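**Student:**
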Amino acid sequence: MPKYTEEDLGRAKKLVADGFTVYKAAKDTGVPYETLRRHIFGINVTGSTGSGRPTVLTRTEEDKLVEILAYLARQAFPLDTSDICDLVQQFLNNLGRETQWKDNRPTRFWLSRFKARHAGVLASRKPEILTITRAKSLTEEIVGAFFSMYNGVLVDLGLEDKPDIYNLDETGLSTDPRSTRVIVPSKSRDAYLKTASCGKATYSVLFCVNATGNYFPPFVVYKAKREPFDSWMRGGPPGTAYGTTPSGWMEGNIFESWFQTIFVPEITKKHDGQPTVLVYDGHGSHMTYRTAALAKDNNITVVCLPPHTSHAIQPLDVAVFKPVKVAWAQILKRWQRESRLVAVDKSVFPTLISQLWKELDPVHAVAGFRGSGLFPVDAEKVRSRMVGPGSTSRDDIPSPDEALQDAVLSVLSPEQSSETKAALANKTKRRSRVQNKSGEVLTSESSLQRLELEAAKRAEKGKKSPSSQQDRKLSKKREEKGKKRSSSHKIEKPSAKRKVTKLTTRSK
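Numbers 247 to 754, taken from the working numbering, label the letters of the sequence shown in order.
Take a look at the structure:
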């Protein structure tokens, strides 16, 4: 008779659905680990695997490996094919098992068959960069506090069921046409692509959408120290705004101008003074006194996202910018071929941005608001995007198999090399400025010699000085005491007669 009940099994499944690992849920409910894993993944361990040579790893071992890979992906530590081979190789070495593979390292064929066997659970994706700051900023406390505030704002304004919510942010559109892999002869070691330029130019464009899927005309920011030419503003979508900054990115003064001349009149026209909500990040260029005053005067409530959370809570980041970049890549490729490799300069960019605006899909904007939980309000949409703490300790790895735990730790937390230790020590070491002439080149050895020479000069100068460092400290203390005494004395005011004399003298 099993030592667990159906209620225990159901409770364990619910814990796994809520984010618990299979190992932790089994431990908390008393359900055997293997039993719970079979129910979660739909595995029949005793079933036949079909005809053919047996796999190097048993089905149980492969299932444990699949669970480990899924766990690491949730922690924002996904493994690539090379990492998986390292993990399996270390696991086999820890078990002391010899295989037909060289040095126990899996082959490409095994890796392809492994992915095919678990295609319903694992998939290949291109990872998105998530900085450690963003990972740590998206916590339950921050998400809960934000949505509590945000929902309260909508209720107070009577907008909980109305899509009068806007989101804006800028993104950079690069002129680099490389986006996909190309087909070349198998013996070719290089794959060259002719382009008009190196593709380093990037144009900053501000997007603004609302929860119904409507897009504002774009706001293009050019990098220039002077006013724009007329050719930079011909051919764009109707109503497009243009501005220039020395950096080419958004700055407070031009954002204020766009907000006053474009956004506020459009909002007033559409909503006739009714309350609206504008959501964006708290970047300094978006948060100025004049912008806040304009929003208040026009019944626009500005809601700033928590720092470093726009990847999960901002609709544009969630579902709009990715398809925009895909469409932009195709527009660039088409332009390169139709123009016979003419560079995308400021006179060409408006025409291409016009083509891009024709391909914008309202469905993506609506999906962005829904996926970010802003409309309809649903904090669970954001909670599903949270990653774990990223811990690589043994207790957090969802497997009771010590050999597999050791293999995971060896891949994710390898022993630091001497070079790594030296680089980390250099990062925290106190820095010293090395004096050199303009245009002078220094090596690490010559810079060290110069620092030693400068230190020796300072030491020699300190010996020749009549007062030591301690004497200087005492002198400084005496000066401070003298200032305090002088400030405590009453200063006599000049007589009125003397004041009149002085004023008379100055008037003369």
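Note that beta-carbon positions come from the ideal geometry of N, C-alpha and C, so glycine has one too. What you are looking at is a predicted structure, and each value in this text was computed from that prediction instead of being measured.
Kindly confirm or deny that the stretch 614-621 and the stretch 550-570 touch, where touching means at least three C-beta pairs closer than 8 Å.
**Tutor:** Yes, the stretch 614-621 is in contact with the stretch 550-570.
**Student:** Taking DSSP as the reference, what is the three-state secondary structure of F266?
**Tutor:** Start at 1 with the first residue of the sequence shown, and residue 266 comes out as number 20. In the structure shown, the three-state DSSP call for F266 is coil.
**Student:** Identify, in the order they occur along the chain, each residue of the same chain with its Cβ nearer than 7 Å to the Cβ of D254, setting aside the five sequence neighbours on each side.
**Tutor:** Here residue 254 refers to the residue found at position 8 of the sequence shown. Counting only Cβ-Cβ distances below 7 Å, and skipping sequence neighbours, we find T275, G276 and V277.
**Student:** Who are the Cβ neighbours of V623 in its own chain at under 8 Å, not counting the five residues just before and after it?
**Tutor:** Here residue 623 refers to the residue found at position 377 of the sequence shown. So the qualifying residues of the chain are F393, Y396, N397, L400 and E406.
**Student:** Considering only C-alpha positions, which residue in the set M533, N545, R435 and T490 is nearest to K515?
**Tutor:** Translated into the one-based positions of the sequence shown, residue 515 becomes position 269. Here the closest residue by C-alpha is N545.
**Student:** Taking the alpha-carbon positions, what's the V525 to L578 distance?
**Tutor:** The count along the sequence shown starts at 1 and reaches residue 525 at position 279. The count along the sequence shown starts at 1 and reaches residue 578 at position 332. Approximately 31 Å between the Cα atoms of the pair.
**Student:** Taking the straight line between their C-alpha atoms, what separation do you get for V428 and V334?
**Tutor:** Here residue 428 is taken as the residue at index 182 of the sequence shown, counted from 1. Here residue 334 is taken as the residue at index 88 of the sequence shown, counted from 1. Their backbone Cα atoms lie some 31 Å apart in a straight line.
**Student:** Give me the Cβ distance between F465 and W504, rounded to the nearest whole Å; I'm assuming they're in contact under 8 Å.
**Tutor:** Position 219 of the sequence shown, counted from the start, is the residue given in the question as residue 465. Position 258 of the sequence shown, counted from the start, is the residue given in the question as residue 504. That pair is a contact at about 5 Å.
**Student:** For the stretch 414-423 and the stretch 448-458, state whether three or more C-beta atom pairs, one from each stretch, are separated by less than 8 Å.
**Tutor:** The stretch 448-458 and the stretch 414-423 touch, with three or more beta-carbon pairs separated by less than 8 Å.
**Student:** For V302, which of helix, strand or coil comes out of DSSP?
**Tutor:** On the sequence shown, residue 302 is found 56 positions in, with the first residue counted as 1. Looking at V302 - three-state DSSP - the assignment turns out to be coil, as it is neither helix nor strand.
**Student:** Do you know offhand how far A573's Cα is from Y412's?
**Tutor:** What you label residue 573 is simply residue 327 of the sequence shown in a count that begins at 1. What you label residue 412 is simply residue 166 of the sequence shown in a count that begins at 1. If you take the alpha carbons of A573 and Y412, they lie about 23 Å apart.
**Student:** Short of 8 Å in beta carbon distance, which residues of its chain neighbour E386, apart from the five on each side in sequence? Order them along the chain.
**Tutor:** Taking the sequence shown and counting its residues from 1, the one referred to as residue 386 is at position 140. Cβ within range, chain order: R629 and M632.
**Student:** Do V312 and L368 have their C-beta atoms closer together than 8 Å?
**Tutor:** In the sequence shown, the residue the question calls residue 312 occupies position 66. In the sequence shown, the residue the question calls residue 368 occupies position 122. Closer than 8 Å, so yes.
**Student:** Is the stretch 429-445 close to the stretch 647-661, with three or more CB pairs under 8 Å?
**Tutor:** With a cut-off of 8 Å, the stretch 647-661 and the stretch 429-445 do not count as touching, because too few Cβ pairs lie within range.
**Student:** Check whether the stretch 302-319 touches the stretch 356-367, counting contact only when three or more Cβ pairs, one atom from each stretch, lie closer than 8 Å.
**Tutor:** yes
**Student:** For chain B, check one thing: does any of its Cβ atoms lie closer than 8 Å to the Cβ of W495?
**Tutor:** In summary, chain B is missing from the structure at hand, where a single protein chain is found.
**Student:** Going by other Cβ atoms of all chains shown within 10 Å of its Cβ, with 16 needed for buried, is L695 buried or exposed?
**Tutor:** As a working mapping, residue 695 is identified with position 449 in the sequence shown. First, the amino acid is wrong: residue 695 is Gln here, not Leu. The residue is exposed, with fewer than 16 neighbouring Cβ atoms inside 10 Å.
**Student:** Give the secondary structure of D642 by DSSP, where H, G and I count as helix, E and B as strand, and everything else as coil.
**Tutor:** Translated into positions along the sequence shown, residue 642 becomes position 396. Correct three-state label for D642: helix.
**Student:** Should the stretch 589-606 be called in touch with the stretch 468-478, which here means at least 3 C-beta pairs below 8 Å?
**Tutor:** yes
**Student:** Taking the beta strand (DSSP E) that T490 belongs to, which residues open and close that run?
**Tutor:** For the purposes of this step, residue 490 is taken as residue 244 along the sequence shown, with counting starting at 1. Unbroken beta strand (DSSP E) run through T490: A487 to T491.
**Student:** Return helix, strand or coil for S420, following the three-state DSSP convention.
**Tutor:** Residue mapping note: residue 420 aligns to position 174 of the sequence shown, counting from 1. Collapsing the DSSP output to three states places S420 in a strand.
**Student:** Would you kindly report the start and end of the unbroken beta strand (DSSP E) that includes T448?
**Tutor:** Reading the sequence shown from its first residue, position 202 is the one you call residue 448. T448 to N456 is the extent of the beta strand (DSSP E) around T448.
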